[in-house]
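Okay, structure first, notes after.
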Amino acid sequence: MKEKVREIVEDFESGAVPEEATLARLQELTGREVDSGWLKNYWRSESLDDFADRVCAEPITNWDSLSDSEAEQLIREYVSTQSPGRQDSIEDAITRRYRKSSGTLSDLVFQSDIEDPAEIVRILKKDDVIY
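Spelled out as structure tokens, the structure:
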């Protein structure tokens with residue numbers, strides 16, 4: 024599917040296919056809605072391969088029933104995977120499961136340099152809402 028996404032985007036970029044048709048083809052193929060801004064500007068921050076990986080990534084649908092040990096396993100995968108799409112899916116699931124703001128997992132892993140998944144889960148479980 025990633026190769027097909029690449030072809031669709033390359034056709035758009037060469038001017039062979041209009042924007043609306045490209046967006047429709049991407050949604051039909053992946054089931055994911057890609058907006059015009061993302062399509063036109065992905066290249067500013069990532070390669071076409073990474074864009075295709077993100078568009079094709081499957082979401083983690085059982086995020087609300089993840090146990091702490093499953094979350095720890097996903098965090099291990101998050102740190103080790105080279106797939107930006109898989110990282111996005113994992114981060115979205117963890118963020119939703121522990122009701123944290125977007126970017127919390129990446130901040131803990133890459134900014135705070137916390138390597139222990141159990142420690143990350145412990146931090147995520149803290150209620151840090153200001154009442």
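In our numbering, the protein residues as written are 24 to 154.
Even glycine gets a Cβ: it sits at the ideal position worked out from N, Cα and C.
Fair warning: this is a prediction, and the values are worked out from it, not measured in the lab.
Assign residue i to one of three DSSP states: helix, strand, or coil.
i, result
"Asn-64", "helix"
"Pro-140", "helix"
"Gln-134", "helix"
"Thr-84", "coil"
"Ser-106", "coil"
"Glu-69", "coil"
"Lys-148", "helix"
"Asp-58", "coil"
"Ala-75", "helix"
Flag this pair as yes or no: are the beta carbons of residue i and residue j separated by less than 7 angstroms?
i, j, result
"Ala-94", "Val-144", "yes"
"Trp-86", "Arg-55", "no"
"Glu-138", "Leu-128", "no"
"Leu-46", "Val-57", "yes"
"Pro-212", "Ile-98", "Missing from the structure shown is residue 212; the chain here goes from 24 to 154 and no further."
"Ala-80", "Arg-109", "yes"
"Asp-34", "Val-40", "yes"
"Thr-53", "Val-78", "yes"
"Asp-136", "Pro-107", "no"
Determine the burial state of residue i: buried for a count of at least 16 other Cβ atoms within 10 Å of its Cβ, exposed for fewer.
i, result
"Asp-76", "buried"
"Trp-66", "exposed"
"Arg-122", "exposed"
"Ser-37", "exposed"
"Gly-60", "exposed"
"Ser-112", "buried"
"Gln-134", "exposed"
"Ala-116", "buried"
So residue i is in the alpha helix (DSSP H); what residue range does that whole segment cover?
i, result
"Tyr-121", "Unbroken run through Tyr-121: none, as it is neither H nor E."
"Gln-96", "91-103"
"Val-32", "25-36"
"Arg-48", "42-53"
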